[in-house]
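The numbering used here numbers the first residue of the sequence shown as 3 and each following residue consecutively.
Each residue gets a CB set at the ideal place from its N, CA and C atoms; glycine is no exception.
One structure below.
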Amino acid sequence: MAPVVRPALDSAVDETGQLISAGGARLGFDEAWPAWRRQMFHGFVFWTDTIGVQRIAPELQPDAHCRLLIGRIAQAMIDLDSVGSLR
Numbered sequence: 003m004a005p006v007v008r009p010a011l012d013s014a015v016d017e018t019g020q021l022i023s024a025g026g027a028r029l030g031f032d033e034a035w036p037a038w039r040r041q042m043f044h045g046f047v048f049w050t051d052t053i054g055v056q057r058i059a060p061e062l063q064p065d066a067h068c069r070l071l072i073g074r075i076a077q078a079m080i081d082l083d084s085v086g087s088l089r
């Protein structure tokens, strides 16, 4: 894991105090980390769909913008071994 990722995720987990006080589940790092790795599929699918819908609907975002984000998300999926998180 990249050195900057753990502190950022730890911070996000610590900030769930508001979620917990509202009745949400308490997440520790061991639960949050695999969920973080898996959620990359969500962004990938939605940004890919943004390009695909242009054939039947108005352009939602510039094509170059979509391709840049899809590329960055795909690289994050590789770096985080998102496919491996599904096992």
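Nonlocal neighbours in the same chain, by C-beta distance under 8 Å from residue i, ignoring five residues either side
{"i": "valine 85", "result": "Met79"}
Segment limits, alpha helix (DSSP H) that includes residue i
{"i": "leucine 82", "result": "Here leucine 82 belongs to no alpha helix (DSSP H), and DSSP marks it neither H nor E."}
{"i": "proline 36", "result": "31-40"}
Residue i to residue j span [Cα, whole Å]
{"i": "leucine 88", "j": "histidine 67", "result": "28 Å"}
{"i": "isoleucine 53", "j": "aspartate 83", "result": "25 Å"}
{"i": "isoleucine 75", "j": "alanine 24", "result": "31 Å"}
{"i": "leucine 29", "j": "isoleucine 22", "result": "9 Å"}
{"i": "valine 47", "j": "glycine 73", "result": "12 Å"}
{"i": "glutamine 70", "j": "tryptophan 38", "result": "A small fix is needed here, since residue 70 is leucine in this sequence, not glutamine. Taking the straight line from one Cα to the other gives about 21 Å."}
{"i": "glycine 26", "j": "aspartate 51", "result": "31 Å"}
Proximal residues to residue i (C-beta, below 7 Å), its chain only, five neighbours per side dropped
{"i": "valine 55", "result": "Leu62"}
{"i": "aspartate 65", "result": "Ile53"}
If we count Cβ pairs, one from each stretch, closer than 8 Å, do we get three or more for the region 58-69 versus the region 25-38?
no
Could you check whether the region 37-56 touches the region 64-80, counting it as contact only if at least three pairs of C-beta atoms, one from each stretch, sit closer than 8 Å?
yes
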